[in-house]
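Structure first, commentary second.
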Amino acid sequence: MGKRLAIFLDNEMISAPVVEATITATERGYIKGQFTIDEAGSLAIQLNSGSLDVPLTIIGQENIDPTLGADSIQKSKQAAIIGIVLLLLFMVIYYRLLGLIACISLGIYGVFFLAIFSVFPI
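Each step along the sequence shown adds one to the number in the numbering used here, with nothing skipped, and position 13 is 1457.
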């Protein structure tokens, strides 16, 4: 405490306040001084955003159709159904009767699972 804490941005010191109190992880630090409102605002912007002295130019811009997300969801559902059908088919072919019983049990479990979560939202 009582020492200066230099704050650098892009290898340039933007502020060097004196530490007057312990700064913990749960508390926010603050800087006191003889600042004008414009100087305080400028310092706050630099500290919060890490502003760069580079002009921003738009290279490209694209509009994405909202149906793109709906299409992805539809394809994901289709892939899930195909995967489940292939898994059930494998179980029936490989394990025969026990595989069929396991498939029926999993189907009943799935119905109960969805019913319970629709009654008790989690």
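Even for Gly, the Cβ is constructed at its ideal location relative to N, Cα and C.
Bridge partners - residue i, DSSP secondary structure assignment
i            : result
residue 1452 : 1457
residue 1563 : According to DSSP, which records beta bridges pairwise, residue 1563 is partnered with nothing at all.
residue 1462 : 1448
Sequence-distant residues of the same chain with beta carbon closer than 8 angstroms to residue i, five excluded per side
i            : result
residue 1447 : 1462 and 1463
residue 1487 : 1458, 1459, 1475 and 1479
residue 1452 : 1458
Spatial neighbours of residue i in its chain, beta-carbon cut-off 7 angstroms, leaving aside the 5 residues before and after
i            : result
residue 1535 : 1543, 1546 and 1547
Integer-rounded CB distance, given that residue j should sit under 8 angstroms from residue i
i            : j            : result
residue 1449 : residue 1460 : 7 angstroms
residue 1478 : residue 1458 : Actually they are not in contact, since the Cβ atoms of residue 1478 and residue 1458 sit about 17 angstroms apart, beyond 8 angstroms.
Any C-beta of chain C under 8 angstroms from that of residue i
i            : result
residue 1523 : In the structure shown, chain C cannot be found, because there is only a single protein chain.
N-terminal and C-terminal residue of the alpha helix (DSSP H) that residue i is part of
i            : result
residue 1521 : 1511-1539
Count the C-beta pairs between the stretch 1473-1492 and the stretch 1514-1524 that are closer than 8 angstroms, then say yes if the count reaches three, no if not. In this structure the stretch 1473-1492 does not touch the stretch 1514-1524; the number of beta carbon pairs closer than 8 angstroms is below three.
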